[in-house]
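Engineer: Number 195 in our numbering belongs to position 195 of the sequence shown; there are no gaps in the numbering.
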Amino acid sequence: MSEENIQLIAKKIVESGKGILAADESTNTIKKRFDSINVDSNEETRSFYRDTLFSTPDISKYISGVILFEETFFQKNSSNESLKEKLENINCYPGIKIDQGLETINKDSIETYTKGIESLDDRLKPYSKNGAKFTKWRAVINIGKNMPSKACVEKNSSLLAEYALISQNNKLVPIVEPEVIMDGEHGIDECYDITVKTLTQVFSSLEEKNVDLKGMLLKPNMIVPGNQSSEKLDIKKIAKQTLKCLIKTVPKEVPGVVFLSGGLSSVDATTILNEINKLNSAPWNLSFSYGRALQEDALKAWAGKNENKNRVQDIFLHRAKMNSLACHGKWDASLENE
Ligand code: 13P
């Protein structure tokens, strides 16, 4: 891939109805996903599964970038081909999840901050030297009794801004991910208020650090009721509130917003993205950076049996295409049976 600057890369990632595959599950998380289909998680199974996704014919029509975990970035498949180079060969940008997970802020709370800032600059070097084009850092904000605290929102926002700046200094596009978690009994209005508060603080920190807003992407949650709330998912309301929240908080210089799926079902994640794009009043491209919502069906179809490879790829391609249509507001439920 040729030399490109971060503003151009950020723009290209979200152009033409394309989005990101988040395949950056840590070793612990991918083990949980594999446990759910009774498959042992080891280097070989992880490489086979991810290689299958990345080799899906035509996938780059819908997927412009893939977030990788450190193991995958330097991993080879059973034919000794580099997984990262496979992505480069189909003009899909390789990215790297660069945070080091969560740590509680104090021992009496479940609130967390994201680890890894001290070593970040050093850890980025091998990835930027070897072709990574973007990075991801996830911060977690919980909603609950006395949560989130002001200290938690401020600390995570400040770390996200510091991360974004260090990434840009290494010529890598930061994907800034402040995830307001769906777990809990809260309603949609509370999710709206907390997400507005969080994004306001995040952009205040980014601007304070002079992060180049044109050379980054935002990866937020959608505005949804908690997963233990009595409120049902009202797709039209979710779309309206999500867009309202973003318009209130995200500067127009940011080229794109790539949503996380956060535990929504595959079809719900597509339906909401479609509905938001149908409203058609956003100054940024609104796309996806889904992990579970892109992989769930494909993972089940694989079931650890390598002879299911073609079926896995068909299902993955279908999900990616549905989400790409949703980026244009052109998805329809009837297309799910294609
Ligand atoms: P989900 O879409 O499964 O929430 O994953 C996205 C992600 O990258 C979380 O950091």
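Think of the CB as a built atom: it goes at the ideal place given N, C-alpha and C, for glycine as much as any other residue.
In this text the structure is predicted, and so the values were computed from the model without any measurement.
In this structure, what does DSSP give as the bridge partners for R138?
Structural biologist: BP columns for R138 point to E177.
Engineer: Between the beta-carbon of A22 and the beta-carbon of F54, is there less than 9 Å?
Structural biologist: In this structure, F54 does not lie closer than 9 Å to A22 by Cβ.
Engineer: Below 8 Å, how does it come out for the region 77-88 and the region 101-112: are there three or more Cβ pairs, yes or no?
Structural biologist: The region 77-88, when compared against the region 101-112, does not touch it at the 8 Å Cβ threshold.
Engineer: P57 to S289, Cα distance in whole Å?
Structural biologist: Approximately 20 Å, taken between the alpha carbons.
Engineer: According to DSSP, simplified to helix, strand and coil, what is S2?
Structural biologist: Here S2 scores only 48 on pLDDT, less than 50, and its place in the model should not be relied on; the value that follows carries that caveat. In this structure, S2 counts as coil in the three-state DSSP scheme.
Engineer: If you count every other CB in all the chains shown that lies within 10 Å of the CB of I110, and 16 or more means buried, which is it?
Structural biologist: Answer is exposed; the Cβ neighbour count stays below 16.
Engineer: Check whether the region 202-217 touches the region 166-176, counting contact only when three or more Cβ pairs, one atom from each stretch, lie closer than 8 Å.
Structural biologist: Yes, they touch.
Engineer: A282 by DSSP, collapsed to three states: which one?
Structural biologist: Coil at A282, not helix or strand.
Engineer: Per DSSP, L233 forms a beta bridge with which residues?
Structural biologist: DSSP lists no partner for L233.
Engineer: What number of angstroms, rounded off, separates the C-alpha of V211 from the C-alpha of V250?
Structural biologist: Rounded to whole angstroms, V211 to V250 spans 14 Å at the Cα level.
Engineer: Output yes if chain B places a C-beta closer than 9 Å to the C-beta of S82; else output no.
Structural biologist: Included in the structure is just one protein chain, with no chain B present.
Engineer: Would you mind stating whether N280 and G226 have Cβ atoms separated by less than 9 Å?
Structural biologist: No.
Engineer: Could you give the distance in angstroms between the alpha-carbon of P283 and the alpha-carbon of K252?
Structural biologist: About 6 Å.
Engineer: State the Cα-Cα distance for the pair V9 and K133, rounded to the nearest angstrom.
Structural biologist: For the record, residue 9 in the displayed sequence is Ile; it is not Val. Using only the alpha carbons, I get a separation of about 7 Å.
Engineer: Below 8 Å on the Cβ atoms is my guess for G116 versus S324; work out the distance and round it to an integer in Å.
Structural biologist: No, G116 and S324 are not in contact; Cβ-Cβ is about 32 Å, not under 8 Å.
Engineer: Could you check if A22 belongs to the surroundings of the ligand 13P, using beta carbon to heavy atom distance under 8 Å?
Structural biologist: Result yes, Cβ under 8 Å from the ligand 13P.
Engineer: Does the Cβ-Cβ distance between E183 and R138 come in under 9 Å?
Structural biologist: Reading off the sequence, residue 183 comes out as Asp, not Glu. Cβ distance not < 9 Å, so D183 and R138 don't count as in contact.
Engineer: Report the CB separation of T195 from C245 in whole angstroms; it is logged as a contact under 8 Å.
Structural biologist: Contact holds; Cβ gap of about 5 Å.
Engineer: Roughly how many angstroms separate the alpha carbons of Q7 and I96, rounded to a whole number?
Structural biologist: For Q7 and I96, the distance between alpha carbons rounds to 18 Å.
Engineer: Which residues does DSSP pair with Y113 in a beta bridge?
Structural biologist: Y113 pairs with E103.
Engineer: Under 9 Å between the Cβ atoms of S157 and T198?
Structural biologist: Yes. Within cutoff.
Engineer: On the DSSP letters alone, give me the boundaries of the beta strand (DSSP E) that P94 sits inside.
Structural biologist: Note, P94: beta strand (DSSP E), 93-97.
Engineer: If we call anything under 9 Å between Cβ atoms a contact, is C191 one with N221?
Structural biologist: Yes, these two residues count as a Cβ contact at 9 Å.
Engineer: What's the gap between the Cα of S230 and the Cα of L260?
Structural biologist: Whole-angstrom Cα-Cα distance: 23 Å.
Engineer: Does the ligand 13P have even one heavy atom less than 8 Å from the beta-carbon of E179?
Structural biologist: Yes; taking the cut-off as 8 Å, the Cβ of E179 has a heavy atom of the ligand 13P nearer than that.
Engineer: Enumerated in chain order, which unbroken segments of the alpha helix (DSSP H) with a length of 4 residues or greater are wholly contained in the region 8-61?
Structural biologist: With a minimum length of 4 residues, the continuous alpha helix (DSSP H) runs that stay inside the region 8-61 are 27-35, 43-54.
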